[in-house]
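For reference, the structure is listed below as structure tokens.
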Amino acid sequence: MKFIYTILALVFFFGTGLKAQNYVFRYNPYSGMNQDQLELALEQAHKMERSGKVWTAVGTGMMVAGSVMTFNGIQDLSFAESDNYGSFAAGLGILCAGAFPLGYGLIAWLTGNERVNMIEIELLSDRHAS
């Protein structure tokens, strides 16, 4: 048990000691772009954020529907005592498949939001305020 606590302490130490979170705020990849490039990048970042929201909703819906179908399939198997695994298998498949759009959607949503923030900061800087 001491070994696990040691590993957790090391992970916490390296995560906070290296300050990897501050790298995002020190480096802006959009700082060398002109006004037109920034506006195009902002439009693309908004599209990425919107598509991330849509895929997150799709994945969440698939996981909820798959969970309901799986639960109904388990009820049918336990109460009816039949050998029909159709609803259970389909629900389990949809539940597992829903993890992919949910995972992509969350990452795209967060990445798009971060890009929008960095581009808006760059657009508001003195260099582009005209």
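Each residue of the sequence shown is one higher than the last, beginning at 234 in this note's numbering.
Glycine residues also receive a C-beta, built at the ideal position from the N, C-alpha and C atoms.
Assuming residue i is part of the alpha helix (DSSP H), what are its boundary residues?
i, result
"Met281", "268 to 308"
"Gly326", "319 to 330"
Measure the beta-carbon distance from residue i to residue j and round it to whole angstroms, keeping in mind my assumption that it falls under 8 Å.
i, j, result
"Gly331", "Met295", "3 Å"
"Trp288", "Ala322", "Between Ala322 and Trp288 the Cβ distance is about 25 Å, and since that is not below 8 Å, they are no contact."
"Ile352", "Tyr263", "5 Å"
"Gly324", "Gly306", "5 Å"
Going straight from the alpha carbon of residue i to that of residue j, what length do you get?
i, j, result
"Asn346", "Gly319", "40 Å"
"Met281", "Leu241", "35 Å"
"His279", "Arg348", "9 Å"
"Asp316", "Leu310", "7 Å"
"Gly292", "Gly338", "8 Å"
Examine the ligand MG and report whether any of its heavy atoms sits within less than 7 Å of the Cβ of residue i.
i, result
"Thr239", "No copy of the ligand MG appears in this structure; indeed no ligand is present at all."
Within 10 angstroms of its Cβ, does residue i collect 16 or more other Cβ (buried), or is it exposed?
i, result
"Leu335", "buried"
"Glu355", "buried"
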